[in-house]
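See structure below.
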Amino acid sequence: MKLKRSPLTFHHVLSTTRKCKTNEWHLIAKELRNAVILNGLYATGPVIYQVANFSKEANEAEYTFYMPVNAPIDMPENDKFAYQEVFEIKDGLVFRHADLDEDIEVSYDAIKLAADANQFKLQEPFYNIYLDVYGGGIIDIYAPIVGED
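In my numbering, the protein residues as written are 53 to 201.
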């Protein structure tokens, strides 16, 4: 298993958080992408997302999408989008989930086992960094380290 320790930093990050059915998350991602495009911006990095508060009974979860863009944004506070000049996490574990057909929970478990073995405390939910590669995609899972035993 190839696991590495690394900081994570992106500049000019626009984000949105919504609760929805697990088969509707792509609508939130599309809304963020369209907001970026309609405001004359473009993405300068990968789409990053988190999934929290999953309810199997309701088949829904809370999704947060982050998108680094090419310029600073001056926007009023609102309940739809948020902006961070610098999105930074000082320390974390990174694990590449290369086969999107495989259950990502297996990769999450591998990160947790590695953290336990190294006596790291992790913050959940983890960040999933979607990368377009070779006509397909992979996910780098980023697990923030919040303490060491």
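In this text, a Cβ means the ideal position worked out from N, Cα and C, and glycines have one as well. None of the values given here were measured: they were computed from a predicted structure.
- Query: Taking the DSSP output, what are the residues bridged to glutamate 112?
  - Reply: Lys73, Ser107
- Message: Once DSSP output is grouped into helix, strand and coil, what is the label at alanine 123?
- Response: coil
- Query: If we count the other Cβ atoms within 10 Å of its Cβ and call it buried at 16 or more, is aspartate 168 buried or exposed?
  - Reply: exposed
- Query: By a C-beta neighbour count over all protein chains shown, 10 Å radius and 16 as the cutoff for buried, is leucine 79 buried or exposed?
  - Reply: exposed
- Taking 7 angstroms as the cut-off, decide whether the C-beta atoms of tryptophan 77 and tyrosine 118 are in contact. no
- Would you say tyrosine 179 and leucine 66 are within 7 angstroms of each other, going by their C-beta atoms? no
- Query: Any idea if valine 121 is buried or exposed, counting beta-carbon neighbours within 10 angstroms, 16 or more meaning buried?
  - Reply: buried
- Query: Using 8 angstroms as the threshold, is the region 189-198 in touch with the region 102-113, meaning 3 or more CB pairs across them?
  - Reply: no
- Task: Specify the secondary structure class of tyrosine 135 as computed by DSSP and reduced to three states.
- Result: Three-state DSSP puts tyrosine 135 in a strand.
- Message: Less than 7 angstroms between C-beta atoms, sequence neighbours within five positions excluded: which residues of the same chain meet that for alanine 95?
- Response: Val88, Met119, Pro120, Val121
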